[in-house]
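Protein chains in written order, with the working numbering: chain A, 7 to 415; chain B, 7 to 415. Since the structure comes first, as structure tokens, the remarks are kept for the end.
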């Protein structure tokens, strides 16, 4: 059976498993008889410039598929392009549909986070208006795990595994010195603390985990912070703290804004964060006079494909594959979600959800999971997150380094 | 055959393979008939407080040995204690020999870098003076690769592998955006640029490597730097730069000192570095008005035991094992060195070298290996360093995370 063509894109910040979703879309579409699977370069921004590839030119065999699963960052290139509403820029929409029609595209997939789901929402609504039969499906992707309606998002498990593993190594490193010290590890997360909370997964038989965890869900108070550090220092030499880059004081200001003159803002209106750990490290050095070190995990959290969660890879593929199946069934304007059936044994199924329930919304860590006066997370968090970091996928090592599949070097 | 007891310690900054050397000392000493292998907690500083363990209480079987090889940071704890010269503090030396004699220690091993080798030098000279038959051997250890007389040091290969792998992932991440950007990756290295140079190993069939590399061996010039970035920007959107934390301007000042009021100094007189990438990132943002990001690999370079070089692990073990064999032969006041016999196939042997040739000296990257006006390294560097990152040692994963052996959690 021959079907229409497919257009797939990747948008927003990359993850270690975003290419597994791309592979899921590609392989399933081909298996189901779609003729050409196009990949837009740099998301909708590149599509508008008619920059796209035929993915078959790059994935030629099963080895390429496995290699792409092990390749970090967005294979097709990404963008941070905010598609204006159709009534404000109808020419953009007309242009997109013109290109899609020319290429005989019937199925459109966008792998992204909540901002990208807005694009799927706008395009599917426009399709309805102009009576186009092109189907638009969202494939969830974000290390931040902040998408509404889904148990979790592909990308989160691998980032959590990287953060917890690295945190174990950092803790072991920090505690080997006999001197007084505070190590502050800055973890991504603008408003949702899922990633920072994941540092608690390092708590295991061979590691006490970080001593204090500060999430953006809780108002940050400098005095309380200082008292909490002092309290820990009473019984231990080295104190290790996990902080979210997005922690804010009671006035709503990001802590990292305190020592900056200017703050960059991206096209979605998000402020560029960063500097929280260094700021707090300087603050503690001033207040306590002991050695403090700030460590920023930075983009490594989202691109360390050498240390992914096998379960996350499998689920990311599944999200892409099931988005194709849903589109072939006739679904549009929806996103694939995960529903958890059980924790022990861990079991999930996918479903589809109206994109309007998801786009532009954020899911935060439940306040009842935040314990110890806002400085730790509960066992419920562990039960929720632990299954997502299980299993490994060995990188393909060539000349001592992980090998990647690429379009441009 | 029963021999005297052994005392072993770890000193200075940890590495991912420092425990493989400890295992090499322990296993060889036991195999050769030494009765008790004591481990000093926190190096010579802990020994002076009579803090030590019987390592057999922690390594009970071959699984423990394999687990310890996969454990980052110094298992025994480390210190940054500078042993004063014997004429200035004879009581410290008398105390150390009193403790060693009480424990019937005949062989003393110190796993460390150039500062730690000074300790071996002082102790072996004191032993000669008081006619003690205790033998003192140094086991090389430093990610910095800056020890004299040895082809390379255990710890460097794994740090280089981590840096090159991470650099590949960072480059892929940075280049996925269609926007103009400069990413500055800060790598450890006070005066020697070996680690920063290792970022060039990321250059391979699937990766162009960093665009510019700045080593501490070359005087840093702000204007040249700006011109070099502008030149790269002419032909590419995303520019990726590797900088050593230790780069200095013509007046001998560290670049990272430019935006600091105070600089901490440790007991060896080393200034605390850090902040170079952020400073340069801010500088470029001001000058060019484009998005610049600083990424600091920080202590992850020395503790990421989940991504070690198998060859480095093997050689670190061998350095410990051969130090024991040398001490049993009667050597003292020496350090194990590596001599490279050939690159293809890669082959080394160990030898011993008088510690006075090594202590307190630093080996830098040869200037003839630094190319492109001080912004890259030559093929000779690749030929030298590539063999050292070959091979992997899979971590033992438990509940999704690498498992470690520990004394204190």
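Glycine residues also receive a C-beta, built at the ideal position from the N, C-alpha and C atoms.
Hey, could you find the ends of the beta strand (DSSP E) residue i is sitting in?
{"i": "residue 32 of chain B", "result": "Not the beta strand (DSSP E): residue 32 of chain B falls in the alpha helix (DSSP H), residues 24-37."}
{"i": "residue 142 of chain B", "result": "141-146"}
{"i": "residue 302 of chain B", "result": "297-302"}
{"i": "residue 346 of chain B", "result": "340-349"}
{"i": "residue 357 of chain A", "result": "352-360"}
{"i": "residue 189 of chain B", "result": "187-193"}
{"i": "residue 201 of chain B", "result": "Residue 201 of chain B -> not in any beta strand (DSSP E); alpha helix (DSSP H) instead, spanning 200-204."}
{"i": "residue 219 of chain A", "result": "218-220"}
Kindly say whether residue i, judged by its beta-carbon, lies nearer than 8 angstroms to any beta-carbon of chain C.
{"i": "residue 37 of chain B", "result": "Checking the listed chains, one finds no chain C in this structure; the protein chains it contains are A and B."}
Check whether chain A comes within 8 angstroms of residue i, counting only Cβ atoms and requiring the distance to be less than that.
{"i": "residue 101 of chain B", "result": "no"}
{"i": "residue 312 of chain B", "result": "yes"}
{"i": "residue 301 of chain B", "result": "yes"}
{"i": "residue 196 of chain B", "result": "no"}
{"i": "residue 309 of chain B", "result": "yes"}
{"i": "residue 257 of chain B", "result": "no"}
{"i": "residue 205 of chain B", "result": "no"}
{"i": "residue 130 of chain B", "result": "no"}
{"i": "residue 217 of chain B", "result": "no"}
{"i": "residue 40 of chain B", "result": "no"}
{"i": "residue 213 of chain B", "result": "yes"}
Look up residue i in the DSSP assignment and say whether it is helix, strand or coil.
{"i": "residue 244 of chain B", "result": "strand"}
{"i": "residue 309 of chain B", "result": "helix"}
{"i": "residue 268 of chain B", "result": "Because residue 268 of chain B carries a pLDDT of 49, less than 50, the predicted location of this residue cannot be relied on, and no value is offered for it."}
{"i": "residue 64 of chain B", "result": "coil"}
{"i": "residue 336 of chain A", "result": "coil"}
{"i": "residue 417 of chain B", "result": "As displayed, chain B neither begins before 7 nor continues past 415, which places residue 417 of chain B out of reach and without an answer."}
{"i": "residue 231 of chain B", "result": "helix"}
{"i": "residue 14 of chain A", "result": "strand"}
{"i": "residue 261 of chain A", "result": "helix"}
{"i": "residue 400 of chain A", "result": "coil"}
{"i": "residue 9 of chain A", "result": "strand"}
{"i": "residue 21 of chain B", "result": "coil"}
{"i": "residue 236 of chain B", "result": "helix"}
{"i": "residue 156 of chain B", "result": "coil"}
{"i": "residue 394 of chain B", "result": "helix"}
{"i": "residue 373 of chain B", "result": "helix"}
{"i": "residue 255 of chain B", "result": "strand"}
{"i": "residue 226 of chain B", "result": "strand"}
Please report the residue range of the alpha helix (DSSP H) in which residue i lies.
{"i": "residue 127 of chain A", "result": "120-136"}
{"i": "residue 168 of chain B", "result": "162-181"}
{"i": "residue 294 of chain A", "result": "282-294"}
Between residue i and chain B, is there a C-beta pair that is closer than 8 angstroms?
{"i": "residue 409 of chain A", "result": "yes"}
{"i": "residue 48 of chain A", "result": "yes"}
{"i": "residue 471 of chain A", "result": "The question about residue 471 of chain A has no answer, for chain A in this structure spans 7 to 415."}
{"i": "residue 78 of chain A", "result": "yes"}
{"i": "residue 305 of chain A", "result": "yes"}
{"i": "residue 122 of chain A", "result": "no"}
{"i": "residue 51 of chain A", "result": "yes"}
{"i": "residue 62 of chain A", "result": "no"}
{"i": "residue 315 of chain A", "result": "yes"}
{"i": "residue 164 of chain A", "result": "no"}
{"i": "residue 262 of chain A", "result": "no"}
Report yes if the C-beta of residue i is less than 7 angstroms from at least one heavy atom of the ligand NAD; otherwise report no.
{"i": "residue 375 of chain B", "result": "Within the structure as shown, the ligand NAD is missing, as the structure has no ligands at all."}
### Where the stretch 168-183 of chain B meets chain A: residues whose CB sits under 8 angstroms from a CB there
Contact annotation: in the stretch 168-183 of chain B, residues whose CB is within less than 8 angstroms of a CB in chain A are 170, 171, 172, 174, 175, 176, 178, 179, 180, 181, 182, 183.
### Task
Let me know the beta strand (DSSP E) ranges lying completely inside the stretch 41-119 of chain A, each 3 residues or longer, listed in chain order.
Runs found: 43-46, 58-60, 111-118.
#### Entry: Where the stretch 319-353 of chain B meets chain A: residues whose CB sits under 8 angstroms from a CB there
Correct list: empty, as no residue qualifies.
### Query
Listed from N- to C-terminal order along the chain, which residues in the stretch 14-29 of chain B have their beta-carbon within a distance smaller than 7 angstroms of any beta-carbon of chain A?
Along the stretch 14-29 of chain B, going in chain order, the ones with a CB nearer than 7 angstroms to a CB of chain A are 20.
### Selection of the stretch 382-415 of chain B by Cβ proximity to chain A, strictly under 9 angstroms
Listed by position along the chain: 392, 393, 394, 395, 396, 397, 398, 400, 401, 403, 404, 405, 406, 407, 408, 409, 410, 411, 412, 414, 415.
### Message
Taking beta-carbon pairs under 8 angstroms, can you tell me which members of the stretch 82-116 of chain B lie near chain A?
### Response
Residues 83, 84, 85, 86.
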